[in-house]
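Protein chains in written order, with our numbering: chain A, 16 to 125; chain B, 16 to 125. All residues carry an ideal CB built from backbone N, CA and C; glycine is no exception. Beneath this line is the structure, given in structure tokens, with notes to follow.
Protein chains: 2
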Amino acid sequence: MYHIKSRIWIEGEEGVFLGEGRIKVLKAIMVEGSLSKAAKSLGMSYKKAWNLVDSINKNASNPVIITNTGGSGGGGTEITAYGVKMITAFENINKNCWDFLDQQLKELQL
Amino acid sequence: MYHIKSRIWIEGEEGVFLGEGRIKVLKAIMVEGSLSKAAKSLGMSYKKAWNLVDSINKNASNPVIITNTGGSGGGGTEITAYGVKMITAFENINKNCWDFLDQQLKELQL
DNA sequence: AAGCGTTGTTTCCTGCAAGATATAACGAAA
DNA sequence: TTTCGTTATATCTTGCAGGAAACAACGCTT
């Protein structure tokens, strides 16, 4: 009958640190090896992707992303071990939240 | 350090049934007794408030809102007992969700 | 039957988020 | 030192969500 949905996000000092969109970009970076390729693979403008990554860097307690500008291939960006840990943590919490909410709605038996 | 936030909403057959914005409108209607006054009290355009109420009606399993058009005072709208029940149910789930997420984040001890 | 303040609906307008575009800086490799 | 594909950033443009405004319909009260 009814179903329940949610969006969660984690904030740091200056704004949003992680959310679903940022997670998507991070995962695409892990696959593609660069921000520009990641943006392209997601059908997202480079600017938007860059803004997301910028906000991640501004709000992270520890480095999540290492960017290398210039060099043979032009550079690229990679995700730190801390970043990988945060991705999986976020996805776990998100999954748990969904399960929790489904349970909550079921208990109401509307 | 980090803190976690969320938005939840309940969907029906055709779209969103309840969310934070719709709850706000419903509660304002309960106080004000009419949709137009409720919109004004929230600093929201009548059209936006009407759209929210319309989507509630389209997706509710049972009547939530009774509108009376015309009459001495011009009419007005009131919330059914079912509507009141849904409001408190939503707010409970929302509160529980916040607590749950805070707990989840704390368990990570970042 | 006239007046009133609602609900309900349409049309027009505008601000702004987001895309598109352009360009500088970078540094390894050849 | 030239080339290359990045990162980083500024500027311009545009689509559209949302507000503003206008108006019809309604029905109780007087």
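Hey, is A/T82 close to the ligand ATP, as in C-beta under 7 Å from one of its heavy atoms?
By its list of ligands, the structure shown contains no ligand whatsoever, and the ligand ATP lies outside what it can speak to.
Report back the beta-carbon spacing between A/V68 and A/I80 to the nearest angstrom; my notes put them in contact at under 8 Å.
6 Å
Check for me: the beta strand (DSSP E) holding A/I31 runs from which residue to which?
First, the amino acid is wrong: residue 31 of chain A is Val here, not Ile. Taken as a continuous stretch (DSSP letters only), the beta strand (DSSP E) holding A/V31 covers 31-33.
Under a CB-based cut-off of 8 Å, is A/A96 close to chain B?
no
If I follow the unbroken beta strand (DSSP E) through A/N83, where does it start and stop?
80-84
State buried or exposed for B/T82, treating a residue as buried only when at least 16 other CB atoms are found within 10 Å of its CB.
exposed
Please state whether DSSP places A/G90 in a helix, a strand or coil.
strand
Could you please tell me which residues of the region 28-49 of chain B, in chain order, have their CB closer than 7 Å to any CB of chain A?
From the region 28-49 of chain B, only F32 have a Cβ closer than 7 Å to chain A.
So is A/N74 buried or exposed if we call it buried at 16+ other beta carbons inside 10 Å?
buried
Applying a beta-carbon distance threshold of less than 7 Å, which residues of chain A neighbour B/N111?
Q119
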